[in-house]
Structures are given as C-alpha cells and as structure tokens.
Amino acid sequence: MSIGELSDRTGVSVRALRYYEQNDLLDAARTSAGHRRFRPADVESVRRIRLLLNAGLPLAIVSQVIPCFLDSGARLHACVSDYLRTHLETVQSRMEALDEQRDTVRLLQQLVVA
Numbered sequence: 001m002s003i004g005e006l007s008d009r010t011g012v013s014v015r016a017l018r019y020y021e022q023n024d025l026l027d028a029a030r031t032s033a034g035h036r037r038f039r040p041a042d043v044e045s046v047r048r049i050r051l052l053l054n055a056g057l058p059l060a061i062v063s064q065v066i067p068c069f070l071d072s073g074a075r076l077h078a079c080v081s082d083y084l085r086t087h088l089e090t091v092q093s094r095m096e097a098l099d100e101q102r103d104t105v106r107l108l109q110q111l112v113v114a
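Below is the structure:
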C-alpha cells in the first residue's frame, strides 16, 4: 500500500509516517520509481508506535521497543517491561511534582484573596 493509504488507514499524517521511517521505526520497500510501499502489517506497527508515543515514551525508547513486538509472550514481556516500569516511575514522579505545584498555586490564590 502507498504512504497515503497507510495514512488513511491509521489516521497518522504522511509527514509523521516519513518521520517514523527516517527514524527506523518503519521499513518501507521502494518501487522502481522510488515510491514507498508498505505491507498490511505496517498498519498495526503504526498503531503500536502511536500508542507508545502517546504514553509519553521518548522516540529513542520507542525505537528500541518496537522490535520487541516481533516476539510474543515471555520474550515480549522481558524486552518491554523494564522500559515501561521505568517510564511509569517517571510519570508518577512528574504527577507528584504537579500535585505539589497545584497545591502551591492554590495556597497562593488563598493568600492573594485574603
């Protein structure tokens, strides 16, 4: 399928798909005219990439995790779990810091109103 068709099927822009390919997240075959050709399995690959990026994982980590999805079961779990655990800890720390900031802003609001 063409890059436009992949974009239509996934809802991801052509520009983003090119970016994923440039960063080795997707591998497109080329026609003799140089046009990208994607496989049906790439639809699921793009969905995984989006899911990982939407979870806030950095592109560098996503590029390390994506090949893990070629495995399944225990091998997939072993490959991905450390990244996810570390990222979850980072997200939790950020949330705690944001909670503290929110509490401080509320305190400041009370001081200003009083």
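Residue numbers (UniProt numbering): 1 to 114. Heads up, the beta-carbon is just placed ideally off N, CA and C, and yes, glycines get one too.
If we count the other Cβ atoms within 10 Å of its Cβ and call it buried at 16 or more, is residue 62 buried or exposed? Residue burial is scored here from C-beta neighbours: residue 62 has at least 16 other C-beta atoms within 10 angstroms and is therefore classed as buried.
Less than 7 Å separating the beta-carbons of residue 38 and residue 6? yes
Near residue 96, which residues of its chain fall below 6 Å by C-beta distance, leaving aside the five closest residues on each side in sequence? none
Tell me the DSSP bridge mates of residue 30? Answer is 36.
Tell me which residues share the same chain as residue 26 and place their Cβ nearer than 8 Å to its Cβ, disregarding the 5 neighbours each side in the sequence. Correct list, in chain order: 17, 20, 38, 42, 45, 46, 49.
So residue 83 and residue 65 are in contact, right, with Cβ under 8 Å, and what is the actual spacing, rounded? 6 Å
Taking 7 Å as the threshold (beta carbon to beta carbon), is residue 60 in contact with chain B? The structure shown contains no chain B; it is built from a single protein chain.
So, helix, strand or coil for residue 43, using DSSP? helix
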